[in-house]
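Start counting the sequence shown at 0; every next residue gets the next number (numbering that gives the first Met the number 0). All C-beta atoms in this analysis are idealised placements derived from N, C-alpha and C, irrespective of residue type, glycine included. Okay, structure first, notes after.
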Amino acid sequence: MRYRIILSLLTIFTMWFRVNALNIDVNPYSFFADKGYAEIHLRVESGSVQFVELNGIKQASIEFVLMVRDVNGNVSYADKFILNGEITKDQRDLITVKRFYIQPGHYSIYLLATDLHLPENKLELETPFYVLEHWDGSRGLSDPILVADKIKLPEGQESETSRFGYLAEPLPYAYADTMHHVIYFMLEVYLNPADTAETFFVNYTISEKYKDNLNAKVLLSQYKKLERRNFQFLILPLSLKELPSGQYHLTAHLLTKDKQKITSRKHNFFKSNPLADIALLDMETQDQKTFANKIPDEELDYVLKAHVPVVANVQLPTLQTLIKGSSSAKKRKFINQYWTIRAPENPEISFDQYMEVARAVDKEYYSNVGYGFQTHRGYIFLKHGKPNNVLSIDNEPDSPPYEIWYYNKIMTTNQTNVRFLFWNESLAHNDYWLLHSTCYGERNNPAWETQLYDSVPDDKIGNTVDGTEVKKGINRQAKLYFNQF
């Protein structure tokens, strides 16, 4: 699972976070040594934490509570620790790895992270994790680890994330950006000692789609003949240069010499590739009667910017490239292509209906940030639709104005009873920013209440680090409204 995927891309268009919001990548993997074990790789984006100067050095400290629980709720692994980091010339992310023995089966990983230098900056999440079956003398594969580059460490040098002499930092957020047209994956192969007289292969493929799909098109297929040893560590390249922006999965298969499949392991990833996307647009012939040709040249950039909330994250760089300087013809092709895929039965009507809403949102939420659909409320409105109810509060002395949006159901996540809380800290016209939400993929801030009511710090419940609530009061009704309206 991947969380807060590519949030930095959204800032290109929406200025999404004005204050720090913890951005953490969680990568679980399972392996086998003398028995089954797991690794959880944690990466904290350096730009999402608070650095303070201590003894002349700017430092960050993140406290983690980490638990791995089985389907019955039993805790199989738990740890509470602090991850420290110093600001450097390239300001590297904060990275750590937790390794532990574990039985095969289905688990969930619970994580609570707190920025100790900005206690209201927290992240709480839970994600499923499947541990591969025991390697009990039969054949098997580890989970593959996608890495950005093949980095061989100097002889004798080790790091927390190294594997067999190579740096094994997972590709951040499973996202290959425009700088990574070649990436690598690491894989461990386990064979029975008796198999060393036989020949085996690893076949690795890249297929379309993020989710499992039996009919997914295989875009790349390569074979690697294995040496006749019972354990092998592989690091193999993946060429992504020709892949258009999208969601894909890498699958590694262990095969016998007659190509019989023994077992498989899979890893999902994203690729952003504006050059490939635009090259495909160049190759596409455009019907002069298409609805996109009716859009005046001077409105094309406005229309493209209005599509930011609904275009997939991996296509945002392509959208940015088109807005910055592509021809009108390419812009029209992109718009036509998007709506032909999204609403093939009648793309023109669907486009017109969407732009009617986008223009209304622009008018309703326009602020000094830019167009109304570039504000947080406008973005959420276009992305998730009109809320079922809205509660606006502008008369609580202990807080700035705030709004709570209520959704009976969010179609993009299939969630029910979803809430968004926006606040206007600056008191400027329409300057509402998302403070907290229960929607998957949007900002989740466990300490939202203390941040909203930071004018009454003495009424905070608990200590300055862990407290996420304030005492009840007639001027502090947001939690009641948020949960019970």
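Opening and closing residue of the beta strand (DSSP E) in which residue i lies
| i | result |
| --- | --- |
| K224 | V217 to K224 |
| L279 | Looking at the DSSP string, L279 is not in any beta strand (DSSP E); the run it does join, the alpha helix (DSSP H), is P273 to M282. |
| K288 | Taken as a continuous stretch (DSSP letters only), K288 belongs to no beta strand (DSSP E), as it is neither H nor E. |
| K382 | First-last for K382: H375 to H383, but that is the alpha helix (DSSP H), not the beta strand (DSSP E). |
Residue i, buried or exposed, once every other Cβ within 10 Å from all chains shown has been counted against 16
| i | result |
| --- | --- |
| L434 | buried |
| V469 | buried |
| D281 | exposed |
| G84 | buried |
| D351 | exposed |
| F50 | buried |
| E241 | exposed |
| T374 | buried |
| S271 | buried |
| L6 | Note that L6 scores 34 on pLDDT, short of 50, meaning its location in the model is unreliable; the coordinates nonetheless yield the value given after this. L6 is buried by the Cβ-count criterion. |
| E168 | buried |
| P490 | Outside the displayed range of the chain (0 to 484) lies residue 490, so it cannot be described from this structure. |
| Q314 | buried |
| I277 | buried |
| P316 | buried |
Sub-8 Å separation of residue i and residue j beta-carbons
| i | j | result |
| --- | --- | --- |
| I86 | K57 | yes |
| A477 | S425 | no |
| K332 | E297 | no |
| F199 | L253 | yes |
| R138 | L186 | no |
| E123 | N416 | no |
| P346 | F290 | yes |
| L381 | A359 | no |
| D148 | Y183 | yes |
| R501 | F372 | The structure shown does not extend to residue 501, since the chain is modelled only from 0 to 484, so the question has no answer here. |
| R162 | F232 | yes |
| G245 | V130 | no |
| T320 | P243 | no |
| V69 | R42 | For clarity, residue 69 is Asp in the given sequence; the question names Val instead. No, these two residues do not count as a Cβ contact at 8 Å. |
| A251 | L140 | yes |
| P400 | I409 | no |
| L145 | H266 | yes |
| D361 | Y353 | no |
| V67 | K79 | no |
Spatial distance of residue i from residue j (CA atoms)
| i | j | result |
| --- | --- | --- |
| L420 | V48 | 22 Å |
| L166 | P27 | 17 Å |
| S263 | L239 | 21 Å |
| N325 | I108 | In the sequence on display, residue 325 carries Ser and not Asn. If I take the Cα positions, the gap works out to 44 Å. |
| D493 | K121 | The chain is shown from 0 up to 484; residue 493 falls before or after that span and cannot be answered. |
| Y247 | F268 | 6 Å |
| T177 | S327 | 23 Å |
| L237 | T126 | 27 Å |
| L279 | G472 | 59 Å |
| Y405 | F128 | 31 Å |
| V217 | T204 | 7 Å |
| L318 | Y100 | 45 Å |
| N388 | Q450 | 24 Å |
| P456 | R475 | 13 Å |
| N423 | D430 | 6 Å |
| K385 | G440 | 18 Å |
| K293 | H180 | 36 Å |
For residue i, the three-state DSSP class (helix, strand or coil)
| i | result |
| --- | --- |
| N71 | coil |
| D296 | helix |
| N335 | helix |
| A328 | helix |
| V389 | strand |
| L318 | helix |
| E468 | strand |
| A477 | helix |
| N54 | coil |
| V43 | strand |
| F163 | coil |
Residue i: first and last residue of the uninterrupted alpha helix (DSSP H) it sits in
| i | result |
| --- | --- |
| H428 | First-last for H428: undefined, no H or E at that position. |
| D351 | P346 to Y364 |
| E441 | Counting along the chain, E441 falls outside any alpha helix (DSSP H), and DSSP gives it neither H nor E. |
| E402 | Element bounds for E402: not the alpha helix (DSSP H) but the beta strand (DSSP E), Y401 to I409. |
Minimum Cβ-Cβ distance from residue i to chain D less than 8 Å
| i | result |
| --- | --- |
| I334 | Annotation note: the requested chain D is absent from the structure, which comprises a single protein chain. |
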